[in-house]
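Novice:
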Amino acid sequence: MACVNATRRLFLHVGCPKTGTTFLQDTFWASRHALEADGLHLPLRDVKDHFFVSLAVREQADPEMDPPEAHHAVSRLADDLSQVEAPRVLVSHELFAPATAEQAERLRARLSDFEIHVVLTVRDLLRQIPAAWQQQIQQRGLVSYETFLDAVVNDDASTAYFWDRQDAPAIAERWRGDLPPDRVHIVTVPPSGSDQELLLKRFCQVVEADPAVLDRDVARRNESLGLVQAELMRRVNVALGDRLPHPRAGHGRTAKGYFARLVLVPQAGRRPELPPRLHEWCHETSVRMVERLDAAGYDVVGDLRDLLPATPPAELAEPTVADAELVDSAVAALADLLDQRHRDARRISRQQERITRLEGRRGRRGGRS
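Going letter by letter, the sequence shown gives residues 45 to 413 in our numbering.
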């Protein structure tokens, strides 16, 4: 391994998606100045820049979807780090997770002036699988929940991606490279119903941040779609055809940023659940993942038993969506869209009137000259 200055540590938080990452990132960025004073530096401008770094690392930056700064994000990160002397640095984005071992190695090589620590937040599969499906739908996914579940069970990445972002032992191994196991930190997400502060405290323990300096007034965004709402959006994605083709450009702004988050999420429908027929498979798969993590000798913050699925209620039904439910959701969504369109039209009309008045004043002043 390259020689490093052991007094400077860089924590690479590389995933997994849907493990409280938005909550952690929002809290840390809102507390950036206090953390800087406490010796923890968050490089670049905001979490979007860390997303751009993840795209560049994975060679996924697309000129049709991403701004120019996304294509040079790793160089920008290196420039930022060359100008600071903070003893600790945090780079965090969940979409580092699917990077290949070679891509991870290239980034570690660019950061060789630091003692690198890899951080992985991990949640049980019983909650992760449904959450991942609805997230893919928000990103212009077309696959039904039933088809998605079959793809997950059969590890069919050509139909729906999942394991490259959620196989925690494999992700940890790819990002570890030649690091000693005690520099890979597995932070387990507490069981459902636990205080979200517990996850924050566990994460702070790893990155050596004082929880007392963190901003507690950060809004906690819950952008998950209910089962009915996700199925409605999936059908809208299908109906779009070739329109809004780019998930991070037009679709990201309009369909995800507006339709999903502001129209469908507030409907607060019932959550997608893992069907009873897959509970035994989920438990067996989770046990194997826990055994792999335990055998690797990583630093576990929390309890690996948190990753074993809770026993579901006996009366849990199959996750089906009735046509009447879809109609009710669609009608409510259309009403919201019409209301928003009316308010947008009024704002546009007022701006047009203002522009006309300003142009008239300029014309009168020009005529007097």
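Note that beta-carbon positions come from the ideal geometry of N, C-alpha and C, so glycine has one too.
None of the values given here were measured: they were computed from a predicted structure.
1) If you count every other CB in all the chains shown that lies within 10 Å of the CB of residue 110, and 16 or more means buried, which is it?
2) Kindly give me the distance between the Cβ atoms of residue 212 and residue 326, rounded to whole angstroms, as I take these residues to be in contact under 8 Å.
3) If residue 54 and residue 155 are in contact, beta carbons under 8 Å, what's the gap, nearest whole angstrom?
4) Could you please give the first and the last residue of the uninterrupted beta strand (DSSP E) stretch that includes residue 345?
5) Going straight from the alpha carbon of residue 407 to that of residue 395, what length do you get?
6) Where do the ends of the beta strand (DSSP E) carrying residue 331 lie?
7) Please say whether residue 57 and residue 133 have beta carbons closer to each other than 8 Å?
8) Below 8 Å CB to CB, which residues in the same chain sit around residue 238 once its five sequence neighbours on both sides are set aside?
9) With the cut-off set at 8 Å, would you say residue 260 and residue 131 are in Cβ contact?
10) Use the C-beta contact count for residue 13: other C-beta atoms within 10 angstroms, 16 or more gives buried, fewer gives exposed.
11) Assuming the contact rule is C-beta atoms closer than 8 Å, residue 165 and residue 65 should be a hit. Round their C-beta distance to whole Å, please.
12) May I ask you to report which of helix, strand or coil DSSP gives residue 75?
13) Residue 290 by DSSP, collapsed to three states: which one?
14) Give the straight-line distance between the Cα atoms of residue 299 and residue 290, rounded to the nearest whole angstrom.
15) Return the chain-ordered ranges of every beta strand (DSSP E) run that is complete within the region 101-131 and spans a minimum of 3 residues.
16) When burial is assigned at 16 or more other CB atoms within 10 Å of the CB, is residue 306 buried or exposed?
Specialist: On the basis of the data shown:
1) That one is buried.
2) Actually they are not in contact, since the Cβ atoms of residue 212 and residue 326 sit about 14 Å apart, beyond 8 Å.
3) About 6 Å separates the two Cβ atoms, so the contact holds.
4) Here the beta strand (DSSP E) through residue 345 covers 343-345.
5) Taking the straight line from one Cα to the other gives about 18 Å.
6) First-last for residue 331: 323-340, but that is the alpha helix (DSSP H), not the beta strand (DSSP E).
7) Cβ atoms of residue 133 and residue 57: not closer than 8 Å.
8) Listed in chain order, the non-local C-beta contacts of residue 238 below 8 Å within the same chain number zero, local neighbours out to five positions each way being set aside.
9) No, these two residues do not count as a Cβ contact at 8 Å.
10) The chain is shown only over 45 to 413; residue 13 falls outside these bounds and no answer can be derived.
11) The pair is a contact, with the Cβ atoms about 6 Å apart (cut-off 8 Å).
12) Residue state, collapsed to three classes: coil.
13) It is coil, neither helix nor strand.
14) Distance from the CA of residue 299 to the CA of residue 290, rounded to the nearest whole angstrom, comes to 11 Å.
15) The region 101-131 contains no whole beta strand (DSSP E) run of 3 or more residues.
16) Per the 10 Å Cβ criterion, exposed.
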